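Below is one structure, written out as structure tokens; the observations come after it.
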Amino acid sequence: MAEVEEVSVLQPDVEKLRHAAGTLRPALDHLERSVDLAGVLSARAARFPEGLGAFLKPRLDNALQEETALATAFGTVHASLNSGVYPAMAACVESLKALDAIMSGFKLNASIHQAEGL
Numbered sequence: 001m002a003e004v005e006e007v008s009v010l011q012p013d014v015e016k017l018r019h020a021a022g023t024l025r026p027a028l029d030h031l032e033r034s035v036d037l038a039g040v041l042s043a044r045a046a047r048f049p050e051g052l053g054a055f056l057k058p059r060l061d062n063a064l065q066e067e068t069a070l071a072t073a074f075g076t077v078h079a080s081l082n083s084g085v086y087p088a089m090a091a092c093v094e095s096l097k098a099l100d101a102i103m104s105g106f107k108l109n110a111s112i113h114q115a116e117g118l
């Protein structure tokens, strides 16, 4: 996103914005693969041993929801950049909200694991 912030909103440089889209593409590809895999694992959780499935399914479903939100937000920003258009601030804010939700989940899990002595 630093590349995008270097481009003037008043006089957008189409090539710089498209280059930023190319930089964002690998992250978006990674997120899309992660969403796909979380969906597959969540669907298979019913076949896991009872305790393991009950432990993993809510976590997988949460990851699926949060990563889908981030992939959707990144996709919106990527589409704008790829078109040579400066992304709308609302799309950038949604990306930050989705990323913050994921990071908050990491922090919560860390505190739970710490409390459990893991």
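Sequential numbering from 1 applies to the sequence shown in the working numbering. All C-beta atoms, glycine included, are put in the ideal place defined by N, C-alpha and C. Remember, predicted model here, so these are calculated numbers, not experimental data.
Length of the line joining the Cα atoms of residue i and residue j
{"i": "residue 114", "j": "residue 107", "result": "10 angstroms"}
{"i": "residue 71", "j": "residue 4", "result": "18 angstroms"}
{"i": "residue 102", "j": "residue 12", "result": "31 angstroms"}
{"i": "residue 79", "j": "residue 21", "result": "8 angstroms"}
{"i": "residue 81", "j": "residue 9", "result": "12 angstroms"}
Buried versus exposed, by CB contacts within 10 Å (16 or more), residue i
{"i": "residue 77", "result": "buried"}
{"i": "residue 73", "result": "buried"}
{"i": "residue 111", "result": "exposed"}
{"i": "residue 27", "result": "exposed"}
Residue i in three-state terms, based on DSSP
{"i": "residue 117", "result": "coil"}
{"i": "residue 1", "result": "coil"}
{"i": "residue 88", "result": "coil"}
beta-carbon residue i near the ligand FMN non-hydrogen atom, thresh 8 angstroms
{"i": "residue 48", "result": "Judged by which ligands are present, the structure shown has none, so any question about the ligand FMN falls away."}
Can you check the region 4-84 for any alpha helix (DSSP H) of at least 4 residues that lies completely inside it and give the ranges in chain order? 14-44 and 50-82
Using 8 angstroms as the cut-off, can you tell me whether the region 78-93 makes contact with the region 47-55, which would need three or more C-beta pairs spanning the two stretches below that distance? no
So, do the region 61-69 and the region 24-39 have three or more beta carbon pairs nearer to each other than 8 angstroms? yes
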